[in-house]
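See structure below.
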Amino acid sequence: MVQIYGTTHCRQFTSSGARVLDLGCGTGRITVVIAHAGFAVTGVDPHQPSITAKQKLDADRVEWVIDDSRAIPVGREFGVAILSSKEVQAIREDENLSRALRDIAAHMPSSVAFRKLVGGWLS
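Its first residue numbered 14, the sequence shown is counted upward by one per residue in this note's numbering.
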């Protein structure tokens, strides 16, 4: 299910080889699947224990950043950004969620519109 979810939706919005941002990547389950499908992936999560094991195993395929959205690499542009509803719910303060969305938007081409996935359907 993760493989289909991750790669299908990335290909829907950008070509293989494009850069993908996974903000709130956690243990990196989706991050790694997308990387193995040929995308250049940056996984960002402030919880170091969640990604330490994956970071060692997939260091050559994924750029791991242990921090929040403010640490998205400067000058990096992404064709797709993933921010799961679980991660949105984990951001407790409106100000922090607004900042995260602004940080994502700052690293996307101006032609890209935000879309959300709800229950596997694009809305």
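The beta carbon of each residue, even a glycine, is placed where N, CA and C say it ideally should be. Note that the structure is predicted; figures quoted are calculated from it, not measured.
Beta carbon of residue i nearer than 8 Å to that of residue j
i	j	result
Ser97	Gly37	yes
Asp80	Pro59	yes
Val75	Thr40	no
Glu90	Arg42	no
Assigned exposure category for residue i - 16 Cβ within 10 Å defines buried
i	result
Leu120	The question names Leu, but residue 120 is His in the sequence shown. So His120 counts as buried.
Ala103	exposed
Asp107	exposed
Trp134	With a pLDDT of 41 at Trp134, under the threshold of 50, the predicted position of this residue should be treated as unreliable, though the coordinate-derived value follows. Per the 10 Å Cβ criterion, exposed.
Val131	Interpretation of Val131 is limited by its pLDDT of 43, a score under 50 that renders its predicted location unreliable; the figure taken from the coordinates is listed afterwards. Val131 is exposed by the Cβ-count criterion.
Ser111	exposed
Leu87	According to the sequence displayed, residue 87 carries Val and not Leu. So Val87 ends up on the exposed side.
Ala118	exposed
Beta-carbon contacts of residue i that lie in its chain and below 6 Å, excluding the five residues immediately before and after
i	result
Glu100	Gly37
Val78	Val57 and Ala84
Leu34	Thr55, Phe91 and Ala94
Same chain only: Cβ atoms within 7 Å of residue i, ignoring 5 sequence neighbours per side
i	result
Asp116	Ser82, Arg83 and Ile85
Ala48	Val54, Asp71, Arg74 and Val75
Ser63	Gly39 and Thr40
Chain-order list of residues whose beta-carbon lies under 8 Å from that of residue i (same chain, five-residue window excluded)
i	result
Leu113	Here residue 113 turns out to be Ala, not Leu, going by the sequence shown. Cβ neighbours of Ala113 beyond the five flanking positions: Leu36, Asp81, Ser82, Leu96 and Ile104.
**OP:** Return the chain-ordered ranges of every alpha helix (DSSP H) run that is complete within the segment 34-93 and spans a minimum of 4 residues.
**Re:** 42-49 and 61-70
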